[in-house]
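Have a look at the structure below, then the notes.
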Amino acid sequence: MGIEVMEDIRKDYVYDLIESGKRVDGRGFRDYREISVERDIINKAEGSALVKIGDTVVLVGVKLEPGTPFSDAPNKGILMTNAELRPGASPDFELGPPNENSVELARVVDRGIRGSEAIDLEKLCIEEGEKVWMTFIDIHPLDNDGNLVDAAALGAIASLLNTRIPNDRYELTGEDTLSIRDTPVAATMIKIGESILVDPNLYEANAATSKLTVISNADGTISGIQKSGTDGLKEEEIAEMVEIGIEKAGEIRKKYLGDIEA
Amino acid sequence: MGIEVMEDIRKDYVYDLIESGKRVDGRGFRDYREISVERDIINKAEGSALVKIGDTVVLVGVKLEPGTPFSDAPNKGILMTNAELRPGASPDFELGPPNENSVELARVVDRGIRGSEAIDLEKLCIEEGEKVWMTFIDIHPLDNDGNLVDAAALGAIASLLNTRIPNDRYELTGEDTLSIRDTPVAATMIKIGESILVDPNLYEANAATSKLTVISNADGTISGIQKSGTDGLKEEEIAEMVEIGIEKAGEIRKKYLGDIEA
Amino acid sequence: MGIEVMEDIRKDYVYDLIESGKRVDGRGFRDYREISVERDIINKAEGSALVKIGDTVVLVGVKLEPGTPFSDAPNKGILMTNAELRPGASPDFELGPPNENSVELARVVDRGIRGSEAIDLEKLCIEEGEKVWMTFIDIHPLDNDGNLVDAAALGAIASLLNTRIPNDRYELTGEDTLSIRDTPVAATMIKIGESILVDPNLYEANAATSKLTVISNADGTISGIQKSGTDGLKEEEIAEMVEIGIEKAGEIRKKYLGDIEA
Amino acid sequence: MKEEKIELIKDGKRLDGRDFEDLRPIKIEVGVLKRADGSCYFELGNNKALAAVYGPREKHPRHLQDAKTAVVTYRYNMAPFSVDDRKRPGPDRRSVEVSKVSRESLDPVILKEYYPKTAIDVYVELLQSDAGTRTAGINAASVALAAAGIPMRDLVSSVAVGKIDGEVVLDLNAVEDNHGEADMPVAMVARTDTITMLQMDGRFTKDEFERGLKLAKKACHEIYELQRTALIEKYSKSVGEGEE
Amino acid sequence: MKEEKIELIKDGKRLDGRDFEDLRPIKIEVGVLKRADGSCYFELGNNKALAAVYGPREKHPRHLQDAKTAVVTYRYNMAPFSVDDRKRPGPDRRSVEVSKVSRESLDPVILKEYYPKTAIDVYVELLQSDAGTRTAGINAASVALAAAGIPMRDLVSSVAVGKIDGEVVLDLNAVEDNHGEADMPVAMVARTDTITMLQMDGRFTKDEFERGLKLAKKACHEIYELQRTALIEKYSKSVGEGEE
Amino acid sequence: MKEEKIELIKDGKRLDGRDFEDLRPIKIEVGVLKRADGSCYFELGNNKALAAVYGPREKHPRHLQDAKTAVVTYRYNMAPFSVDDRKRPGPDRRSVEVSKVSRESLDPVILKEYYPKTAIDVYVELLQSDAGTRTAGINAASVALAAAGIPMRDLVSSVAVGKIDGEVVLDLNAVEDNHGEADMPVAMVARTDTITMLQMDGRFTKDEFERGLKLAKKACHEIYELQRTALIEKYSKSVGEGEE
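Structure follows, in structure tokens:
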């Protein structure tokens, strides 16, 4: 009970502050926390990135292995995106098989990449109908201070951009770099009161009742949207959020993925 | 506690009524509730039937897929029968993996079909030792007002009688109709006090402490029996139930499967 | 609560007795309980042994089946050791998937056999890269009165020494006896107070806070060690336990495996 | 998306003859189950969805109760025979996510605070599927909740929009979904135009997205009317027949 | 049933030399385990079954307690090495069903109402199997329950009958079961001729069924005597040895 | 062990240039996570281990509480991308055993009796692995527990010894482990020379075993100093920066 009261007080505090035009950490409503992206830090992975957004830390690793293609796409590689909300990353995460939150996180990131067709799956065919590269994107949150999805999505595309194809390990020949054709970037917003805030930290995320993630591409098109939370949003609010999301994704892309040709 | 008291009262009521020669819904002891069988209602299934017995509703679907035969029966198709007691069908059904009741339901229906050799499994061989048709019978109760097993068994054989072999989908050639050689039909009875009742509805099933399902064939032979419940039955009672079961199955077969040549 | 008090009293009793140089069942500190090994008692298994150490009873069965080799060891058979703490064997064992105790039991026995290279895995190759014998050692405790691991390890090597390769069942040709090159034997000790006791019975095991299992071979080398329990041990204590363990294993080997050439 | 390119629009019509802004045929039946407290059968073209609602009832185990409100669960399940390739029974990742967003689509309208410590359980079975299953499920569930007498602010209506052959169209069927360029399921409280579910995959320009959303909004209004009519008919019939 | 046709009856005898109405050799040992409250080892031909009984003991978790009676559980388990092809550990559908009908076969004789809120747990391990395992398990469990001092109305005895080469015979072994035409396991309270388990698969005429049931009944009486004798011997021995 | 024979020692040096008694480079960072009550990042050569500690906190469900002491859990987990062949997520038999012995390695130093009914949860993630992961994990966990303010008798330090090309050497890397003859992970309370974890596989003579244990002991003392230094530095820095 004590905990619930504390939570209510904290929510009220966040609300009141926002009503007066401020955020708990002093940011502007349209500002991200500080972002950092470190690449290639796991040498056992074919690609990896450690992304920090404020105190939120997500490690993403990409592994490739030969496997059998699906019968309805014999000439295409396979993409599998997985997220585990490891209990070390938050007192709110529990041991056990993936729950709806980890499944949603993985699937939203997955759809962004798939929708943008960032990976040319046909180039991951080794032998039609027999053998293709299976690409596993594993999302491993280390510290959750809110907005895992933006960090995970950024980590995923940053990892992919540096992924090597492990031909040698499997005694295969072929191109050694993964061909990436677009750079989907997620931007997440919440609505608190009448205000739209980007990149919610944990306090804000807990205080908000609806959240929208927009994944957009280098050309400004959208390749993924996910609303979550228990309150509705108006059409105009969503339109505004989509606009902001595309803009923010553009800024992030330029700053953190800009050195890479996509 | 309140619920338990209610249940005891309801059981007493059912008992007392039966003692005086009546059933809660006014039927005779040897009468089924109204039965209906609608076939081919799921166009994604190779065969399907919606069976209603009173307010009990069970949907059965049959799917066929090519698969590898068992090594000790290289020239035979494979039959798999599965039942899920979906929680929408009853407040007593819970989410989760199959429990002993759903397993028993599936296995009793399965044994009836297998024992009667209704399906000619050898005709489901595509290439000996390599590829055979796997036949999945999925039992999907929609509303449980008692006696799921008779509805499920009737749905299974009704579905099978209309099942098409999806050669086209898998680019195979061969006969397009499933060859069915017999029509096993289940009839379930309970004993309450000294009376034997067929087709127990939910109230009756809950009041009864022993139940017998008899599956019989077109020629009057038996291809499955299952006693359940926590009380014993005498040899004479069982003999009587078997007799009734065969008779009732014959009536159901004639009325609901009669238009089909087996 | 009552149960916990009983347990504390029992522990105190065991302790006090040991302080005065005695064990609950009158044995010397370095004595095993009576051991018996019956071989080949399960005719469906390729090898089997029923081992009793006092009232502790463990049945071990070995099965062989053809399977696919691991890609990094194409010319080697596969060894799998499994233990199930069946709830019939103890009121402390629960239904459900393997827990840490059953996993540890299986893995300690497995490492002893693997480390000693008792099984010549290369002789279990049927066709390089395609087909090898998979050897399953299944540990099945029937009655747990303490020291399951020594009984399980003894049962495993005793079973292996009599294991036949079921070439006939799979229409294969080749040697019919499993080639066993060493005889790893486990000896388990606990420390209570300042005393070291071998072969703890259940009371003693519950009273002890640290336990050491030493698996040693015919030539006196060690092929497995496992410390468990919540208290530490000193280097000298461990050295003494290893010494005792090798000696005890030697005695057991001579008496119960001695008739077999390894 | 896009296994092989097939032409989805011919002479301005879709393969099943619909115009861009046409819904597939809808059929709604209320109160089709005896055991459930509320139920609804909802057909959308070849989709057949059945929703059963139980509650408010005691939530157990107790430590999952919420002292302030009812706890809503929503389970979306595809029958094994509802698709071309048999679906293995049991929840998969897709159904876990669909269940979550569907529950959240209904959450805003359910007056959960009226029934603290209770459970309101929504079970949706897809008996046959042809793309758009989650929207059919939400439409069914919304009506079933009302039929169960659960106090609600309003009904929720749901439909998908998508993009095929470069055109923004309403309510994709499976062929269109498999070969199309984008899909966006939407749920909303039609009367207040409040969007309670929004997902999108594939690729949309911002303009296409906005047009899609408007199209969905319009269709949700149509669906809302059908849901309302079905409930009213059921209710008047009940009264007429002296049923309760 | 019937993988390939082999002759199961020659010169009026079965392959293992038995007459149609012969049981396989039976061996019963009572009280073979230290930890269990009651136990029994039961051999039926090549079947080796071991039953361990615990209880009445506290049932936990508590929400599974029954305020009126003890809750009986029964777990039938085949050891991985008990069959030709290694059985993967853990329950499968077959063992779930066998456990259910076995529990129900014993339920009528256990005076569960004497011990409300408790658990009576029966664990049956099949160490070697050769058809008829569930009947061997029930026979073992029935004796183990008695040995555990669980108050019972009577013992339960169990055997299967079947049909091979057109003949109704008693107690099929694995070869007969695999190549036979029908199998029917039966359990009963022999003294009152009350049938507490009955299953059947394959194909029987009504007449064959009735003859089979009579055959099973006769054999259950034989088994009942063996069970009784084993318990009495154990008990007198205990008394003789001054054991408790 | 021993897939194919490769030479692991050349001219008295190991393949990575180390002498027999050399540790791989170690890097320790304390307090790297915001959410955890205590945390530590520990690098041992190419191993990257991250430990997060939560507690003492309420243990739930309640029936798992211990009225006398805190309940310590320890979960060792390898990230899917931490090894050459992707590891399937979720616990396997190896990680279950490693978690058990790791927990027991720390148990003797935690003053669990100070916090009855609570949970102390240790989560160790292996982000990259190169043999010796359980020892890296224990070293990280020990520091993280201290950083969380859990009262402890002392720190625990851990290292493995092994045998390659017939020589007893310290701290095997993956190549050495795969092609070596024995491996023996050890954990100890360095200050009191109390061994709290000891496992061994492969083959050791008694003499090799004893030499190995001495080598491990010496190295644990080195590691202990590094752990202590890292904690002191973190603490002085915190004080210096006015942090808590």
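Chains as they are written, first to last, in the numbering used here: chain X, 6 to 267; chain H, 6 to 267; chain S, 6 to 267; chain Y, 22 to 265; chain Z, 22 to 265; chain F, 22 to 265. Even for Gly, the Cβ is constructed at its ideal location relative to N, Cα and C.
Rounded separation between residue i and residue j - CA only
i, j, result
"Val-210/Z", "Ala-111/S", "41 Å"
"Phe-75/H", "Phe-141/H", "15 Å"
"Ala-165/Y", "Leu-64/H", "20 Å"
"Ala-208/Z", "Phe-230/Z", "15 Å"
"Pro-129/Y", "Pro-172/Y", "12 Å"
"His-84/Z", "His-84/Y", "12 Å"
"Leu-132/Z", "Leu-176/Z", "12 Å"
"Ser-184/S", "Glu-70/S", "16 Å"
"Gly-52/Z", "Lys-258/Z", "11 Å"
"Leu-55/S", "Ser-120/Z", "26 Å"
"Val-145/Z", "Asp-113/Y", "34 Å"
"Asn-68/Z", "Leu-147/Z", "7 Å"
"Ala-152/Z", "Thr-226/Z", "22 Å"
"Met-246/S", "Leu-217/S", "7 Å"
Contact under 8 Å by Cβ, residue i with residue j
i, j, result
"Val-92/F", "Ala-140/F", "yes"
"Ile-3/Y", "His-200/Y", "With chain Y running from 22 to 265 in the structure shown, residue 3/Y is simply not present."
"Asn-206/X", "Asp-150/X", "yes"
"Thr-94/Y", "Pro-137/Y", "no"
"Gly-187/F", "Ala-203/F", "no"
"Thr-61/S", "Leu-202/S", "no"
"Ile-227/S", "Met-221/F", "yes"
"Ser-215/S", "Leu-238/S", "yes"
Under the three-state DSSP convention, the category residue i falls into
i, result
"Phe-34/H", "coil"
"Lys-80/Y", "coil"
"Pro-74/H", "coil"
"Ala-100/F", "coil"
"Gly-117/X", "helix"
"Tyr-245/Z", "helix"
"Thr-213/F", "helix"
"Phe-230/Z", "helix"
Contact with chain S by residue i, beta-carbon distance below 8 Å
i, result
"Lys-238/F", "yes"
Within chain H, the residues that residue i reaches when beta carbons sit closer than 8 Å
i, result
"Met-218/Z", "Lys-232"
"Leu-234/Z", "Glu-240, Ile-243 and Ala-244"
Chain-ordered neighbours of residue i on chain X, where CB pairs are closer than 8 Å
i, result
"Glu-188/Y", "In chain order: nothing, as chain X lies at least about 16 Å away."
Proximity test, Cβ basis, 8 Å: residue i and chain X
i, result
"Glu-134/Y", "no"
"Phe-41/Y", "no"
Proximity test, Cβ basis, 8 Å: residue i and chain H
i, result
"Pro-129/Z", "yes"
CB contact below 8 Å: residue i versus chain Z
i, result
"Ile-227/H", "yes"
Proximity test, Cβ basis, 8 Å: residue i and chain F
i, result
"Glu-245/X", "no"
Under 8 Å from the C-beta of residue i: neighbouring residues of chain Y
i, result
"Arg-186/X", "Within 8 Å Cβ-Cβ: nothing; Arg-186/X doesn't reach chain Y, min ~12 Å."
Within-8 Å CB hit, residue i to chain Y
i, result
"Lys-136/H", "no"
Within chain F, partners of residue i - CB distance below 8 Å
i, result
"Ser-121/S", "Arg-224"
Where residue i meets chain Y, residues with beta-carbon distance less than 7 Å
i, result
"Ser-41/H", "In chain order: nothing, as chain Y lies at least about 14 Å away."
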